[in-house]
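Worksheet: one structure, shown below.
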Amino acid sequence: MIPKSYKKMHESYPDLMQAYEAFGKAAKEAGPLSAREVALVKLAVSIGAALEGASHSHCRKAMEAGCTAEDLRHVAVVSAPTIGFPTMMRARSWVEDVVGDQPKS
1 MIPKSYKKMH
11 ESYPDLMQAY
21 EAFGKAAKEA
31 GPLSAREVAL
41 VKLAVSIGAA
51 LEGASHSHCR
61 KAMEAGCTAE
71 DLRHVAVVSA
81 PTIGFPTMMR
91 ARSWVEDVVG
101 DQPKS
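Each residue of the sequence shown is one higher than the one before, counting from 1 in the UniProt record's numbering.
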């Protein structure tokens with residue numbers, strides 16, 4: 001699900017958005033990480049930066065890249081020593097917003 005605001009940016013600034021997306025693609029292709037690994041890193045960065053919308057988006061993208069709900073839950077849980085338990089709980093709720101209906105292992 002692409003957010004309306006993102007679609008609106010494409011309508012209002014097509015050249016800018018094409019450049020932005022090309023930059024993202026180049027960054028992904030700049031090293032040896034797999035699409036799955038890149039997706040997990042991007043989720044972790046979104047969680048660490050406390051970006052709820054980005055965390056939702058990167059959960060969806062990670063699942064498209066082959067990650068499981070448990071993989072995404074683990075990314076949130078493993079962040080606790082770095083970002084603190086209450087902040088991790090908030091991030092975990094963002095993951096659950098996306099994967100809440102997915103079975104737990």
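Using N, Cα and C, we set each Cβ at its ideal position, and we do this for glycine too.
- Annotation for Tyr20: the continuous alpha helix (DSSP H) segment containing it runs 14–28.
- Taking 8 Å as the upper bound for CB-CB distance, Val99 and Ala69 are in contact here, some 4 Å apart.
- Excluding residues up to 5 positions away in sequence, Met17 lie with their Cβ nearer than 8 Å to the Cβ of His10 in the same chain.
- In this structure, Val95 places its C-beta atom within 9 Å of the C-beta atom of Val75.
- Setting aside the 5 residues that flank it on each side, Gly66 is surrounded in the same chain by Arg36, each with a C-beta closer than 7 Å to its C-beta; the list follows chain order.
- Of the residues assessed, Ser46 falls on the buried side of the cut-off, its CB having 16 or more other CB atoms within 10 angstroms.
- Cys59 is the residue among Arg92, Ser93, Cys59 whose C-alpha sits nearest the C-alpha of Ala39.
- Between Leu51 and Val41, the C-beta gap is not smaller than 9 Å, which leaves the two residues out of contact.
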